[in-house]
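Asker:
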Amino acid sequence: MFLSHRIFRRAALAFLLLFLLSCGSAHDSGEFYVLVSANLRIPYWKTAGAGFSAAAAQMKVHSDLKGPQTFDPKAERDALDQAVQKKVTGILLDVTDAVLLKDGIDKAIAAGIPVITIDSDAPASKRLFFIGTNNYQAGLMGGQRLAQELKGKGNVVVFTNPDQPNMQDRLTGYKAALARTPDIKITRVVDIQGDPRIAFDTTNQIIGKERDKVDAFVCLEAQSGKDVAGVLNSFHVTGKVVMAMDTDRETLDWIQKGGIAATIAQKPYTMAFVGLEMLDNLYHQKPATLDRDWSKDSLAPIPDFVDTGSALIDKSNVEAFIEAGKSLTSAPK
(Lines of atoms letter the chains of each structure in order from A and count residues from 1; the text may use other names and numbers.)
(Lines give C-alpha, C1' and ligand atoms only; values in the text may rest on other atoms or scores of the structure.)
Protein backbone atom coordinates (compact mmCIF):
# COMPACT_ATOMS: atom_id res chain seq x y z
CA MET A 1 0.00 0.00 0.00
CA PHE A 2 2.82 2.40 0.93
CA LEU A 3 4.67 1.56 -2.29
CA SER A 4 1.58 2.22 -4.42
CA HIS A 5 1.05 5.58 -2.72
CA ARG A 6 4.67 6.55 -3.33
CA ILE A 7 4.45 5.55 -7.01
CA PHE A 8 1.26 7.59 -7.36
CA ARG A 9 2.90 10.67 -5.83
CA ARG A 10 5.89 10.36 -8.14
CA ALA A 11 3.66 9.98 -11.18
CA ALA A 12 1.63 13.02 -10.16
CA LEU A 13 4.77 15.08 -9.66
CA ALA A 14 6.15 13.99 -13.04
CA PHE A 15 2.88 14.96 -14.72
CA LEU A 16 2.86 18.35 -13.01
CA LEU A 17 6.44 19.10 -14.06
CA LEU A 18 5.73 17.99 -17.62
CA PHE A 19 2.69 20.26 -17.76
CA LEU A 20 4.52 23.25 -16.34
CA LEU A 21 7.43 22.91 -18.75
CA SER A 22 5.54 22.02 -21.92
CA CYS A 23 2.34 24.02 -21.34
CA GLY A 24 0.59 21.46 -23.46
CA SER A 25 1.16 21.47 -27.22
CA ALA A 26 -0.49 24.82 -27.95
CA HIS A 27 1.96 27.54 -28.92
CA ASP A 28 1.19 30.87 -30.52
CA SER A 29 3.02 31.36 -33.84
CA GLY A 30 3.36 35.02 -32.92
CA GLU A 31 5.44 34.26 -29.83
CA PHE A 32 8.87 35.88 -30.13
CA TYR A 33 11.53 35.39 -27.45
CA VAL A 34 14.98 36.94 -27.30
CA LEU A 35 18.15 36.06 -25.47
CA VAL A 36 20.11 39.23 -24.75
CA SER A 37 23.78 39.05 -23.82
CA ALA A 38 27.16 40.63 -24.46
CA ASN A 39 30.06 38.97 -26.26
CA LEU A 40 27.90 36.59 -28.25
CA ARG A 41 30.84 35.34 -30.31
CA ILE A 42 32.54 33.47 -27.44
CA PRO A 43 31.93 29.69 -27.21
CA TYR A 44 30.00 29.96 -23.94
CA TRP A 45 27.27 32.11 -25.47
CA LYS A 46 27.26 30.14 -28.70
CA THR A 47 26.41 27.10 -26.57
CA ALA A 48 23.68 29.03 -24.77
CA GLY A 49 22.34 30.21 -28.12
CA ALA A 50 22.16 26.61 -29.31
CA GLY A 51 20.06 25.68 -26.28
CA PHE A 52 17.78 28.67 -26.81
CA SER A 53 17.29 27.85 -30.51
CA ALA A 54 16.69 24.15 -29.77
CA ALA A 55 13.93 24.97 -27.29
CA ALA A 56 12.32 27.40 -29.76
CA ALA A 57 12.41 24.81 -32.54
CA GLN A 58 10.89 22.18 -30.26
CA MET A 59 8.01 24.49 -29.32
CA LYS A 60 7.71 26.03 -32.82
CA VAL A 61 8.09 29.60 -31.60
CA HIS A 62 10.28 32.42 -32.91
CA SER A 63 13.52 33.33 -31.18
CA ASP A 64 16.63 35.43 -31.66
CA LEU A 65 19.91 36.32 -29.98
CA LYS A 66 20.55 40.01 -29.43
CA GLY A 67 23.56 41.91 -28.17
CA PRO A 68 27.11 42.89 -29.10
CA GLN A 69 29.76 40.51 -30.43
CA THR A 70 32.27 41.89 -27.91
CA PHE A 71 32.06 42.64 -24.19
CA ASP A 72 30.06 45.88 -24.16
CA PRO A 73 27.51 46.35 -21.34
CA LYS A 74 26.20 49.61 -22.82
CA ALA A 75 25.53 47.94 -26.17
CA GLU A 76 23.80 45.12 -24.29
CA ARG A 77 21.61 47.70 -22.53
CA ASP A 78 20.67 49.14 -25.94
CA ALA A 79 19.77 45.65 -27.21
CA LEU A 80 17.57 45.13 -24.14
CA ASP A 81 15.82 48.49 -24.68
CA GLN A 82 15.19 47.62 -28.34
CA ALA A 83 13.64 44.29 -27.37
CA VAL A 84 11.29 46.10 -24.98
CA GLN A 85 10.35 48.64 -27.66
CA LYS A 86 9.51 45.78 -30.06
CA LYS A 87 7.25 44.28 -27.37
CA VAL A 88 8.73 40.80 -27.58
CA THR A 89 6.95 37.97 -25.77
CA GLY A 90 9.72 37.35 -23.24
CA ILE A 91 13.37 38.13 -22.54
CA LEU A 92 16.17 35.92 -21.25
CA LEU A 93 18.95 38.22 -20.06
CA ASP A 94 22.60 37.75 -19.15
CA VAL A 95 23.48 40.51 -16.68
CA THR A 96 26.90 42.00 -17.38
CA ASP A 97 26.24 45.10 -15.24
CA ALA A 98 23.37 44.87 -12.76
CA VAL A 99 23.22 48.63 -12.15
CA LEU A 100 23.33 49.56 -15.83
CA LEU A 101 20.64 47.06 -16.84
CA LYS A 102 18.25 47.58 -13.94
CA ASP A 103 16.14 50.31 -15.58
CA GLY A 104 15.75 48.30 -18.78
CA ILE A 105 14.63 45.22 -16.84
CA ASP A 106 12.13 47.25 -14.81
CA LYS A 107 10.74 48.89 -17.97
CA ALA A 108 10.20 45.47 -19.53
CA ILE A 109 8.29 44.26 -16.47
CA ALA A 110 6.19 47.45 -16.45
CA ALA A 111 5.35 46.79 -20.10
CA GLY A 112 4.17 43.26 -19.23
CA ILE A 113 7.21 41.52 -20.72
CA PRO A 114 8.60 38.79 -18.44
CA VAL A 115 12.36 38.92 -17.87
CA ILE A 116 14.35 35.97 -16.52
CA THR A 117 18.06 36.42 -15.86
CA ILE A 118 20.57 33.70 -16.70
CA ASP A 119 24.26 33.16 -15.91
CA SER A 120 24.45 36.39 -13.90
CA ASP A 121 21.67 37.95 -11.84
CA ALA A 122 20.24 41.40 -11.07
CA PRO A 123 18.40 40.76 -7.78
CA ALA A 124 17.77 44.47 -7.13
CA SER A 125 15.73 44.68 -10.34
CA LYS A 126 12.20 43.45 -10.95
CA ARG A 127 13.34 40.42 -12.94
CA LEU A 128 11.18 37.40 -12.16
CA PHE A 129 13.92 34.94 -11.18
CA PHE A 130 17.40 33.69 -11.98
CA ILE A 131 18.47 30.53 -13.83
CA GLY A 132 22.10 29.50 -13.66
CA THR A 133 25.02 28.35 -11.57
CA ASN A 134 25.18 28.80 -7.82
CA ASN A 135 28.23 31.00 -8.31
CA TYR A 136 29.15 31.19 -4.64
CA GLN A 137 29.33 27.39 -4.52
CA ALA A 138 31.33 27.36 -7.76
CA GLY A 139 33.84 29.76 -6.20
CA LEU A 140 33.93 27.72 -3.01
CA MET A 141 34.64 24.58 -5.04
CA GLY A 142 37.43 26.34 -6.92
CA GLY A 143 38.91 27.79 -3.73
CA GLN A 144 39.02 24.43 -2.03
CA ARG A 145 40.86 22.94 -4.99
CA LEU A 146 43.24 25.92 -5.12
CA ALA A 147 44.12 25.43 -1.45
CA GLN A 148 44.97 21.79 -2.18
CA GLU A 149 47.13 22.72 -5.17
CA LEU A 150 49.04 25.35 -3.17
CA LYS A 151 49.39 23.03 -0.17
CA GLY A 152 48.08 25.75 2.11
CA LYS A 153 50.49 28.56 1.20
CA GLY A 154 50.96 31.09 -1.61
CA ASN A 155 50.06 34.40 -3.26
CA VAL A 156 47.18 34.58 -5.72
CA VAL A 157 46.27 36.95 -8.57
CA VAL A 158 42.60 37.02 -9.64
CA PHE A 159 41.32 38.03 -13.07
CA THR A 160 37.67 39.12 -13.18
CA ASN A 161 34.99 41.49 -14.45
CA PRO A 162 34.13 43.01 -11.05
CA ASP A 163 30.81 44.60 -12.06
CA GLN A 164 29.26 41.24 -12.93
CA PRO A 165 27.26 39.78 -10.02
CA ASN A 166 28.16 36.19 -10.91
CA MET A 167 31.88 36.96 -10.65
CA GLN A 168 31.36 38.83 -7.41
CA ASP A 169 29.73 35.69 -6.01
CA ARG A 170 32.54 33.47 -7.33
CA LEU A 171 35.17 35.66 -5.71
CA THR A 172 33.22 35.59 -2.43
CA GLY A 173 33.21 31.79 -2.64
CA TYR A 174 36.96 31.66 -3.27
CA LYS A 175 37.61 33.97 -0.33
CA ALA A 176 35.42 31.86 1.94
CA ALA A 177 37.37 28.73 1.00
CA LEU A 178 40.74 30.42 1.41
CA ALA A 179 39.78 31.88 4.80
CA ARG A 180 40.51 28.42 6.20
CA THR A 181 44.11 28.68 4.97
CA PRO A 182 45.41 32.09 6.13
CA ASP A 183 48.79 31.54 4.48
CA ILE A 184 47.13 31.76 1.06
CA LYS A 185 46.56 35.41 0.19
CA ILE A 186 44.83 37.11 -2.72
CA THR A 187 47.38 39.85 -3.38
CA ARG A 188 45.82 41.38 -6.48
CA VAL A 189 42.41 41.49 -8.22
CA VAL A 190 42.63 42.59 -11.85
CA ASP A 191 39.68 44.06 -13.75
CA ILE A 192 40.13 42.70 -17.28
CA GLN A 193 37.18 44.79 -18.55
CA GLY A 194 35.90 41.89 -20.62
CA ASP A 195 39.17 41.77 -22.57
CA PRO A 196 41.36 38.66 -22.05
CA ARG A 197 44.30 40.56 -23.54
CA ILE A 198 44.52 42.42 -20.22
CA ALA A 199 45.01 39.08 -18.45
CA PHE A 200 47.58 38.12 -21.09
CA ASP A 201 49.51 41.38 -20.69
CA THR A 202 49.30 41.34 -16.89
CA THR A 203 50.61 37.78 -16.73
CA ASN A 204 53.50 38.78 -18.99
CA GLN A 205 54.35 41.64 -16.66
CA ILE A 206 54.16 39.45 -13.59
CA ILE A 207 56.41 36.78 -15.10
CA GLY A 208 58.88 39.47 -16.13
CA LYS A 209 59.03 41.35 -12.82
CA GLU A 210 57.29 39.42 -10.03
CA ARG A 211 57.64 35.78 -10.98
CA ASP A 212 58.63 34.66 -7.50
CA LYS A 213 55.88 36.72 -5.80
CA VAL A 214 52.90 34.99 -7.46
CA ASP A 215 52.07 31.32 -7.01
CA ALA A 216 48.64 31.06 -8.58
CA PHE A 217 46.28 32.68 -11.07
CA VAL A 218 42.52 32.45 -10.65
CA CYS A 219 40.38 33.27 -13.68
CA LEU A 220 36.76 33.93 -12.78
CA GLU A 221 35.57 34.25 -16.39
CA ALA A 222 35.77 32.01 -19.43
CA GLN A 223 38.44 33.62 -21.58
CA SER A 224 41.56 34.42 -19.56
CA GLY A 225 42.54 30.97 -18.25
CA LYS A 226 43.89 29.72 -21.57
CA ASP A 227 45.79 32.98 -22.14
CA VAL A 228 47.44 32.78 -18.73
CA ALA A 229 48.41 29.16 -19.38
CA GLY A 230 49.80 30.15 -22.77
CA VAL A 231 52.01 32.88 -21.29
CA LEU A 232 53.39 30.56 -18.62
CA ASN A 233 54.11 27.92 -21.23
CA SER A 234 55.86 30.35 -23.57
CA PHE A 235 58.24 31.38 -20.77
CA HIS A 236 58.69 27.74 -19.68
CA VAL A 237 57.39 28.64 -16.23
CA THR A 238 56.37 25.69 -14.08
CA GLY A 239 55.09 25.36 -10.55
CA LYS A 240 52.31 27.96 -10.93
CA VAL A 241 48.67 27.01 -10.39
CA VAL A 242 46.04 28.19 -12.90
CA MET A 243 42.34 27.87 -12.04
CA ALA A 244 39.96 28.52 -14.94
CA MET A 245 36.24 28.89 -15.60
CA ASP A 246 34.11 27.13 -18.21
CA THR A 247 34.96 24.52 -20.80
CA ASP A 248 35.84 25.84 -24.24
CA ARG A 249 38.13 23.47 -26.12
CA GLU A 250 41.36 25.44 -25.53
CA THR A 251 40.79 25.42 -21.78
CA LEU A 252 40.24 21.66 -21.83
CA ASP A 253 43.38 21.21 -23.96
CA TRP A 254 45.44 23.07 -21.35
CA ILE A 255 44.04 20.82 -18.62
CA GLN A 256 45.14 17.79 -20.64
CA LYS A 257 48.61 19.31 -21.06
CA GLY A 258 48.87 20.26 -17.38
CA GLY A 259 48.88 24.04 -17.95
CA ILE A 260 45.57 24.51 -16.11
CA ALA A 261 44.95 22.65 -12.85
CA ALA A 262 41.16 22.69 -13.05
CA THR A 263 38.15 24.54 -14.38
CA ILE A 264 34.53 24.88 -13.29
CA ALA A 265 32.02 23.58 -15.83
CA GLN A 266 28.65 25.29 -16.13
CA LYS A 267 25.58 24.46 -18.25
CA PRO A 268 24.83 27.40 -20.58
CA TYR A 269 22.85 25.17 -22.97
CA THR A 270 20.60 24.08 -20.11
CA MET A 271 20.23 27.63 -18.78
CA ALA A 272 18.95 28.91 -22.12
CA PHE A 273 16.83 25.85 -22.98
CA VAL A 274 15.03 25.83 -19.62
CA GLY A 275 14.85 29.62 -19.66
CA LEU A 276 12.86 29.69 -22.89
CA GLU A 277 10.58 26.92 -21.66
CA MET A 278 9.83 28.93 -18.54
CA LEU A 279 9.25 32.14 -20.50
CA ASP A 280 6.78 30.26 -22.67
CA ASN A 281 5.06 28.92 -19.58
CA LEU A 282 4.75 32.47 -18.22
CA TYR A 283 3.14 33.53 -21.50
CA HIS A 284 0.55 30.75 -21.41
CA GLN A 285 0.07 30.72 -17.64
CA LYS A 286 0.33 34.40 -16.80
CA PRO A 287 0.62 35.28 -13.10
CA ALA A 288 -1.78 37.95 -11.85
CA THR A 289 1.05 40.47 -12.01
CA LEU A 290 4.70 40.49 -13.00
CA ASP A 291 5.54 43.45 -10.77
CA ARG A 292 5.83 41.65 -7.46
CA ASP A 293 8.59 40.39 -5.18
CA TRP A 294 7.84 36.68 -5.46
CA SER A 295 10.84 35.76 -3.29
CA LYS A 296 8.88 36.67 -0.16
CA ASP A 297 5.79 34.68 -1.14
CA SER A 298 5.73 31.09 0.13
CA LEU A 299 2.93 30.32 -2.35
CA ALA A 300 4.65 31.88 -5.35
CA PRO A 301 3.84 30.28 -8.74
CA ILE A 302 7.44 30.76 -9.86
CA PRO A 303 10.81 29.92 -8.27
CA ASP A 304 13.34 32.42 -6.98
CA PHE A 305 16.40 30.59 -8.31
CA VAL A 306 16.89 27.59 -10.63
CA ASP A 307 20.32 26.02 -10.09
CA THR A 308 21.50 24.33 -13.30
CA GLY A 309 24.55 22.85 -11.60
CA SER A 310 28.34 22.96 -11.94
CA ALA A 311 31.26 20.55 -11.75
CA LEU A 312 35.03 20.65 -11.35
CA ILE A 313 36.96 19.36 -14.36
CA ASP A 314 40.61 18.34 -14.01
CA LYS A 315 42.98 15.75 -15.47
CA SER A 316 41.11 12.94 -13.75
CA ASN A 317 37.86 13.50 -15.65
CA VAL A 318 38.61 15.79 -18.60
CA GLU A 319 38.71 12.93 -21.12
CA ALA A 320 35.32 11.67 -20.00
CA PHE A 321 33.93 15.21 -20.16
CA ILE A 322 35.16 15.66 -23.73
CA GLU A 323 33.76 12.29 -24.81
CA ALA A 324 30.38 13.12 -23.26
CA GLY A 325 30.35 16.35 -25.23
CA LYS A 326 31.05 14.47 -28.45
CA SER A 327 28.20 12.09 -27.74
CA LEU A 328 25.84 15.01 -27.19
CA THR A 329 26.76 16.82 -30.40
CA SER A 330 26.59 13.65 -32.51
CA ALA A 331 23.24 12.49 -31.10
CA PRO A 332 20.27 12.51 -33.54
CA LYS A 333 18.28 15.73 -33.36
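Counted the way mature numbering (1 follows the signal peptide of the UniProt record, and there is no 0) counts, the sequence shown spans residues -28 to -1, 1 to 305. Ideal Cβ positions, reconstructed from N, Cα and C, are used throughout, including at glycine.
1. Near PHE277, what residues of its chain come up, given a Cβ to Cβ distance below 7 Å and the 5 sequence neighbours on each side ignored?
2. Tell me which residue opens and which closes the beta strand (DSSP E) that PHE189 is part of.
3. Hey, would you say GLU3 sits closer than 8 Å to THR61, going by beta carbons?
4. Using the Cα positions of VAL56 and GLY23, report the straight-line distance between them to the nearest angstrom.
5. Between which two residues does the alpha helix (DSSP H) carrying residue 383 extend?
6. Whole-angstrom Cβ separation of GLY231 and ASN205, contact assumed at under 8 Å?
7. Give the range of the alpha helix (DSSP H) segment to which HIS256 is assigned.
8. Where does GLU291 land, buried or exposed, given buried means 16+ other C-beta within 10 angstroms?
9. Within the chosen definition, does the stretch 69 to 78 reach the stretch 88 to 99 through at least 3 CB pairs nearer than 8 Å?
10. Work out the CA separation of LYS298 and THR174 for me, nearest whole Å.
11. Helix, strand or coil: which one does DSSP assign to ARG264?
12. Looking only at its chain, what residues have a beta carbon closer than 8 Å to the beta carbon of ARG117, apart from the 5 residues adjacent to it on each side?
13. State the Cα-Cα distance for the pair ASP155 and TYR146, rounded to the nearest angstrom.
14. I'd like the span of the beta strand (DSSP E) that includes ARG169, first residue to last.
15. Tell whether a beta-carbon distance below 8 Å holds between PRO240 and THR19.
16. Have a look at the DSSP bridge pairing and note the partners of LYS38.
17. Spell out the partners DSSP gives ASN127 in its beta bridges.
18. Can you pull the DSSP bridge partners for LEU271?
19. Along the chain, which unbroken stretches of the alpha helix (DSSP H) at least 4 residues long are found entirely within the stretch 78 to 129?
20. Quick one: any contact between the stretch 217 to 224 and the stretch 187 to 198, if contact means 3 or more CB pairs under 8 Å?
21. Under 8 Å between the Cβ atoms of ASP66 and ILE90?
22. Take LEU112 as the anchor and find which of GLY39, ARG152, ASP199 has the nearest alpha-carbon.
23. Pick out whichever of TYR5, LEU37, PHE172 has its Cα sitting closest to the Cα of ALA201.
24. What number of angstroms, rounded off, separates the C-alpha of ARG183 from the C-alpha of LYS212?
25. Going by DSSP, name the residue or residues bridged to GLY62.
26. Tell whether a beta-carbon distance below 8 Å holds between THR280 and GLY115.
27. Have a look at the DSSP bridge pairing and note the partners of ALA234.
28. By Cβ distance below 8 Å, which residues in the same chain neighbour ILE54 in space, the five residues on each side in sequence not counted?
Answerer: In terms of the structure at hand:
1. PHE101, PHE102
2. 188 to 191
3. yes
4. 22 Å
5. As displayed, the chain neither begins before -28 nor continues past 305, which places residue 383 out of reach and without an answer.
6. 6 Å
7. 240 to 256
8. exposed
9. yes
10. 34 Å
11. coil
12. MET215, ALA233, ALA234, LEU284, ASP286
13. 14 Å
14. Taken as a continuous stretch (DSSP letters only), ARG169 belongs to no beta strand (DSSP E), being part of the alpha helix (DSSP H) at 168 to 181.
15. yes
16. VAL8
17. LYS157
18. DSSP output for LEU271 lists no bridge partner at all.
19. 107 to 122
20. yes
21. yes
22. ARG152
23. PHE172
24. 9 Å
25. TYR5
26. no
27. MET215
28. Checking the displayed sequence, the identity of residue 54 turns out to be Gln instead of Ile. Excluding sequence neighbours, GLN54 sits near LYS38.
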